[in-house]
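Comments concern the structure below.
2 protein chains.
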Amino acid sequence: MTATQASESSDAAPRRGRPVEVQPEQAALIALRLFDERGYDEVSMEDVARAAGMSRRSLFRYFPRKADLVWSGAAEAQTDIRGALARARPEASTIDALRAAYATALDFSEDQWEATRRRLLLIQRHPSLYDAVRGQLDDQRELLASFIAEREGLARESLLVHVLTDAVSAASFSALVWWASGDERSPAEAVNAALAELQKAFGATSPIN
Amino acid sequence: MTATQASESSDAAPRRGRPVEVQPEQAALIALRLFDERGYDEVSMEDVARAAGMSRRSLFRYFPRKADLVWSGAAEAQTDIRGALARARPEASTIDALRAAYATALDFSEDQWEATRRRLLLIQRHPSLYDAVRGQLDDQRELLASFIAEREGLARESLLVHVLTDAVSAASFSALVWWASGDERSPAEAVNAALAELQKAFGATSPIN
DNA sequence: CACAGTTATAACACTCAGTGCCATAAATGG
DNA sequence: CCATTTATGGCACTGAGTGTTATAACTGTG
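Protein chains in written order, with my numbering: chain R, 1 to 209; chain V, 210 to 418.
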């Protein structure tokens, strides 16, 4: 939603005014490289702008916050949780359906893994960069919440829906970060394993309170 | 850890140099009131400093980041998860022990609820304020992780420990925010109910993958 | 080609968060 | 009175983020 608008490359629409000089995604990649080399705090927006060949002001137009350079410019990692949830098998349990949806939505192509990994490692090193992912995660949580509420027949604003949503969301993001830190499996497999283990861990405890 | 150092009021230690003129907690309360009245973004550190009767520079000495005014100055809400975990009954399951620990650590006195509620609502309204709680939550997660790893006989850096820790942490914080948004129960009861429902929800699903 | 409409760019100036430096004030102990 | 310790506040600086505005580059039309 808040991400870049570089939707199609095979765009037949005959654009109107002055064309974009430097593609935003390119600026984000340059920024990512600079952050890796010198450290996030040691690279100013001015630096990124210069390296990308645009003015500071233009850079801010595409990336309103510096943190956005880390994630919002990620053409990869734009998951389709919505579609995956819509295609959930009706007979599966809610948790199983969520696992399947994540598995589908996180099925990145291998080339994209490395950029995503670097982004996640940056976020891990600079916790305040969580701001960069918050928007996307909030959107995902919204979808999760609606899905859970409907499947379980619960009120959208009930305690259980909120708690379940946040727990699942945190668990899957945790698994992604874990994967970024060196897991050899794919992101999809890491999240799938994480939710499976959560299920096992909670399911193994004494049934009710 | 990173919080204020106003440990004791009955402090017999004969302090040395120049005394503190304005107590930091007081400045934080004034700031909280201003944030409620005018909105977080519409109140500058300069404003808070003036209202609290100190210089901008001094304010920054006690609250290195503006967000710290929201949470770090909270003498209430300093939970003792560590102690509560240490007193966990050995025969209880891990999750049950965690629930009991939260119930104990979150047993605020009623007077403190209102300030905490206002802080949490501010954080909910301005997600970037999550920065303010992150430090404390990170410390708590560290304790949770060690506890879970030991009780379950797992490696501290295993996927399951990370995921379980993050899920439980997110769930309890979620319950706290839920409580702040109008739940009539106490924070301790909200978190307890949340973890119980999580247990039930996961326990009810098909056992393994 | 000239012209109007559209969109991107960059320069300028501004607010505010956050930091380093340092002179000075206010306490204590000898 | 003097040395030490600690808190204060002023000054200046960097960097993020924003509003404004003039201008450049493109498209389509007559």
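Cβ atoms here follow ideal geometry from the backbone N, Cα and C, with glycine treated the same way. Everything numeric in this text was worked out from a predicted model, so none of it was measured.
Counting the other Cβ atoms within 10 Å of the Cβ of V370 (chain V) gives 16 or more, which makes it buried. Here Q26 (chain R) is near A52 (chain R), since their CB atoms are less than 8 Å apart. In terms of Cα proximity to L122 (chain R), the closest of R:D36, R:G17, R:V22, R:E21 is R:D36. Straight across, the Cα-Cα distance linking D138 (chain R) with I95 (chain R) is about 19 Å. For T374 (chain V), the enclosing alpha helix (DSSP H) starts and ends at 368-389.
Taken in chain order, the members of the region 298-319 of chain V whose beta-carbon sits within less than 7 Å of a beta-carbon on chain R are S302, I304, D305. Secondary structure note for Y62 (chain R): its alpha helix (DSSP H) is the uninterrupted segment 56-62. Contact annotation for Q345 (chain V) against chain R: no contact, minimum CB-CB distance about 13 Å [criterion: below 9 Å]. In this structure, L407 (chain V) and A167 (chain R) form a Cβ contact; the two beta carbons are roughly 6 Å apart against a cut-off of 8 Å.
Put simply, the CB of D375 (chain V) is near chain R, with a gap under 8 Å to one of its CB atoms.
Interface annotation, S174 (chain R): in contact with chain V, CB-CB separation under 8 Å.
Spatial neighbours of E361 (chain V) in its own chain (CB-CB distance under 7 Å, excluding positions within 5 residues in sequence) are listed in chain order as T303. Using a CB distance below 8 Å, the part of the region 117-130 of chain R facing chain V consists of P127, S128, Y130, ordered along the chain. Residues of the region 148-163 of chain R with a Cβ closer than 7 Å to any Cβ of chain V, in chain order: L159, L160, H162, V163. Contact annotation for A201 (chain R) against chain V: L369, L373 [CB-CB distance below 7 Å, chain order]. In the structure shown, the three-state DSSP call for F244 (chain V) is helix.
Fewer than three Cβ pairs drawn from the region 381-397 of chain V and the region 172-187 of chain R lie within less than 8 Å of each other, which leaves the two stretches out of contact. The CB of W387 (chain V) comes closer than 8 Å to the CB of L159, H162, V163 in chain R, given here in chain order. Check the Cα spacing between V372 (chain V) and each of V:I357, V:F382, V:S383: the tightest is with V:I357.
For E197 (chain R), a Cβ of chain V is located within less than 8 Å of the residue's own Cβ. C-alpha of V43 (chain R) to C-alpha of P273 (chain V): approximately 21 Å in a straight line. By the beta-carbon neighbour count (other beta carbons within 10 angstroms, threshold 16), Q78 (chain R) is exposed. When the beta-carbon positions are compared, A132 (chain R) and L368 (chain V) stay at least 8 Å from each other. Taking the C-beta atoms as reference points, A115 (chain R) is found no nearer than 8 Å to L69 (chain R).
Residues of chain R with a Cβ closer than 7 Å to the Cβ of A380 (chain V) are, in chain order, V163, D166, A167.
In the three-state scheme derived from DSSP, where H, G and I count as helix and E and B as strand, A312 (chain V) is classed as helix.
In the structure shown, the three-state DSSP call for R87 (chain R) is coil. Between A293 (chain V) and the set V:D316, V:Y271, V:A283, the nearest pair of CA atoms involves V:D316.
Rounded to whole angstroms, the separation of the alpha carbons of S355 (chain V) and Q232 (chain V) is 35 Å. Taking a 10 Å sphere around the C-beta of R99 (chain R), we find 16 or more other C-beta atoms and assign the residue as buried.
When secondary structure is reduced to three states using DSSP, K200 (chain R) falls in the helix class. Where Y40 (chain R) is concerned, there is no enclosing alpha helix (DSSP H), because DSSP gives it neither an H nor an E. Within the same chain, Cβ atoms closer than 7 Å to the Cβ of A88 (chain R) are found at A97, A100, A101, the five residues on either side in sequence being excluded. With a cutoff of 8 Å on beta-carbon distance, S169 (chain R) and Q140 (chain R) are scored as near each other.
With contacts defined as CB atoms closer than 8 Å, G135 (chain R) and F411 (chain V) fail to qualify as a contacting pair. Per DSSP, R227 (chain V) lies in no alpha helix (DSSP H) and is assigned neither H nor E.
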